[in-house]
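Contents: one structure, followed by commentary.
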Amino acid sequence: MSGDWRPTACAAALRARAAMLARAREFFGERGVLEVDTPILGAGGTTDPQIDSLSTRVRGFAAPFYLGTSPEFAMKRLIAAGSGDIYQICKVFRDDEHGRWHNPEFTMIEWYRLGYDDAALMGEVEEIVARMLAPHRRLAAAERLGYAAAIHRHAGVDADRADLEALRGAAAANGVHCDAELDRDGALDLLMGLVVGPRLGRDRPTFICDYPASQASLARLKPGNPPVAARFEFYLDGIELANGFHELSNAAEQRARFEADLATRRARGRELPALDERLIAALAAGLPDCAGVALGFDRLAAIAVGAGGLAGAMAFPIDRA
2 MSGDWRPTAC AAALRARAAM LARAREFFGE RGVLEVDTPI LGAGGTTDPQ
52 IDSLSTRVRG FAAPFYLGTS PEFAMKRLIA AGSGDIYQIC KVFRDDEHGR
102 WHNPEFTMIE WYRLGYDDAA LMGEVEEIVA RMLAPHRRLA AAERLGYAAA
152 IHRHAGVDAD RADLEALRGA AAANGVHCDA ELDRDGALDL LMGLVVGPRL
202 GRDRPTFICD YPASQASLAR LKPGNPPVAA RFEFYLDGIE LANGFHELSN
252 AAEQRARFEA DLATRRARGR ELPALDERLI AALAAGLPDC AGVALGFDRL
302 AAIAVGAGGL AGAMAFPIDR A
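Shown next as structure tokens:
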């Protein structure tokens with residue numbers, strides 16, 4: 002008889018998950034951060050060229066609804082309406098993500114802190130990760146490493162000045178094939194994802210900060226030569242766990258970035274989801290100065306219990322849903 006009705010995570014791992022979530026809520030409660038609950042379905046999908054939304058139809062509505070790839074847009078609307086500091090623990094969905102460290106449905110912890118910039122939020126990420134992992138392991142102080150420095154250290158190429166051919170050469174030198182259709186940002190993403198990232202956070206947690214301005218997404222830009230995004234990612238044991246920003250609050254700039262993303266998606270033959278006009282309206286009404294971060298909880302739980310992938314820390318991944 003088939004045993005695929007059983008969970009892939011053992012009972013001890015599921016208990017560890019529950020305890021970690023309890024410690025996360027305790028952490029935010031001590032700091033007066035409000036837990037919120039926003040819809041999974043939204044009228045707008047993600048325009049990020051690297052992420053695909055899942056969509057569904059609801060009777061009575063002509064347009065599709067999109068399952069959230071993050072609760073970010075709705076949470077920013079709450080902040081613009083005066084909620085103050087908020088966090089959420091929720092399910093999010095991304096199409097075409099299935100593998101050892103990916104699942105189309107996963108649990109995210111996302112929070113926003115008013116008056117914080119990306120540097121201040123990195124400190125809080127380090128604190129909450131240490132709190133959630135405390136019974137399982139003790140972490141050394143985290144390293145903070147610039148994006149260009151990380152690419153140079155681990156891939157041997159200048160991320161600021163190298164042209165596309167040089168980036169392709171660096172990928173090849175590290176045993177990674179770079180598809181012909183990838184542009185410069187795509188080649189950098191490939192290097193970060195397959196060459197640099199797996200080498201980060203091995204001796205101690207690592208923050209990668211100051212991303213290229215072209216990869217700003219929803220982050221503000223910092224002036225400089227070249228300018229960089231007020232964005233960071235957090236790595237432990239070669240696994241990316243969190244992505245954070247000093248949040249962009251300019252509605253016109255955000256619309257321009259969304260439209261540029263859609264142009265990229267169009268050029269690549271990707272689906273063109275509807276823009277989230279309510280987010281744009283919220284930014285126009287006024288988003289307080291804040292920083293926000295999304296943390297992949299399932300990955301952190303897998304690291305905590307010593308699993309070799311998400312299946313060891315999730316009850317039912319997509320194969321057994």
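When we follow our numbering, the leftmost residue of the sequence shown carries the number 2, and every step to the right adds one. No residue lacks a Cβ here, since even glycine has one placed at the ideal position from N, Cα and C. Keep in mind it's a predicted model, so treat the numbers as computed, not measured.
Next on the checklist: Quick check on DSSP: helix, strand or coil for Ile-129?
Outcome noted: Position 128 of the sequence shown holds residue 129. Per DSSP, reduced to three states, the secondary structure at Ile-129 is helical.
Item to check | First and last residue of the uninterrupted beta strand (DSSP E) at Met-109 | outcome: In the sequence shown, the residue the question calls residue 109 occupies position 108. From DSSP, the beta strand (DSSP E) with Met-109 extends over 106-115.
Item to check | chain C within 8 Å of Asp-119, Cβ atoms only | outcome: The displayed structure is made up of one protein chain only, and chain C is not part of it.
Checklist entry - What are the boundary residues of the beta strand (DSSP E) that Gln-89 is part of? => result The sequence position of residue 89 within the sequence shown is 88, counting from 1. Taken as a continuous stretch (DSSP letters only), the beta strand (DSSP E) holding Gln-89 covers 87-94.
Item to check | Nearest to Val-59 (by Cα), restricted to the options Ser-71, Pro-50, Gly-43, Ile-52 | outcome: Stepping through the sequence shown from its first residue, residue 59 is reached at position 58. Looking at the Cα atoms, Gly-43 is the closest of the given residues.
Item to check | Contacting residues, own chain, Cβ-Cβ under 6 Å from Leu-276 (five flanking each side not counted) | outcome: One-based indexing of the sequence shown puts residue 276 at position 275. Taken in chain order, the residues that qualify are Gly-45, Phe-259.
Item to check | Residue range of the alpha helix (DSSP H) that includes Gly-187 | outcome: Indexing the sequence shown from 1 puts residue 187 at position 186. In the DSSP assignment, Gly-187 falls within the unbroken alpha helix (DSSP H) covering 185-192.
Item to check | Test item: CB-CB of Asp-161 and Pro-227 under 8 Å | outcome: Stepping through the sequence shown from its first residue, residue 161 is reached at position 160. Stepping through the sequence shown from its first residue, residue 227 is reached at position 226. Contact: yes.
Checklist entry - What residue does the beta strand (DSSP E) around Asp-299 start on, and which one ends it? => result Taking the sequence shown and counting its residues from 1, one reaches residue 299 at position 298. Boundaries around Asp-299 are those of the alpha helix (DSSP H), 298-306, since no beta strand (DSSP E) includes it.
Item to check | Through-space distance from Gly-287 to Glu-241, alpha-carbon basis | outcome: The sequence position of residue 241 within the sequence shown is 240, counting from 1. The sequence position of residue 287 within the sequence shown is 286, counting from 1. Their Cα atoms are separated by approximately 31 Å.
Checklist entry - For Tyr-236, which option in Arg-114, Ala-141, Phe-74 has the closest C-alpha, if you only look at C-alpha atoms? => result Residue numbering aside, residue 236 sits at position 235 when the sequence shown is read from its first letter. Comparing Cα positions, the closest option is Ala-141.
Next on the checklist: According to DSSP, is Phe-29 part of a helix, a strand, or is it coil?
Outcome noted: By one-based count along the sequence shown, residue 29 stands at place 28. Helix at Phe-29.
Item to check | Residues of its chain near Pro-318, where Cβ-Cβ distance is below 7 Å and the 5 sequence neighbours each way are ignored | outcome: Residue numbering aside, residue 318 sits at position 317 when the sequence shown is read from its first letter. Cβ neighbours of Pro-318 beyond the five flanking positions: Thr-9, Asn-104, Leu-311, Ala-312.
Next on the checklist: Looking only at its chain, what residues have a beta carbon closer than 7 Å to the beta carbon of Val-197, apart from the 5 residues adjacent to it on each side?
Outcome noted: Counted from its first residue, the sequence shown places residue 197 at position 196. Here the set comprises Ala-151, Ile-152, His-155, Ala-156.
Checklist entry - What number of angstroms, rounded off, separates the C-alpha of Glu-36 from the C-alpha of Glu-182? => result Indexing the sequence shown from 1 puts residue 36 at position 35. Indexing the sequence shown from 1 puts residue 182 at position 181. Rounded to the nearest angstrom, the two C-alpha atoms are 43 Å apart.
Checklist entry - Taking the Cβ atom as the reference point for each residue, do Leu-115 and Asp-96 lie within a distance shorter than 8 Å? => result Taking the sequence shown and counting its residues from 1, the one referred to as residue 115 is at position 114. Taking the sequence shown and counting its residues from 1, the one referred to as residue 96 is at position 95. No, Cβ-Cβ distance for Leu-115 and Asp-96 is not below 8 Å.
Next on the checklist: Taking its Cβ as the centre, do 16 or more other Cβ atoms sit within 10 Å of Gly-69, making it buried, or is it exposed?
Outcome noted: Counting from 1 along the sequence shown, the entry for residue 69 is found at position 68. So Gly-69 ends up on the buried side.
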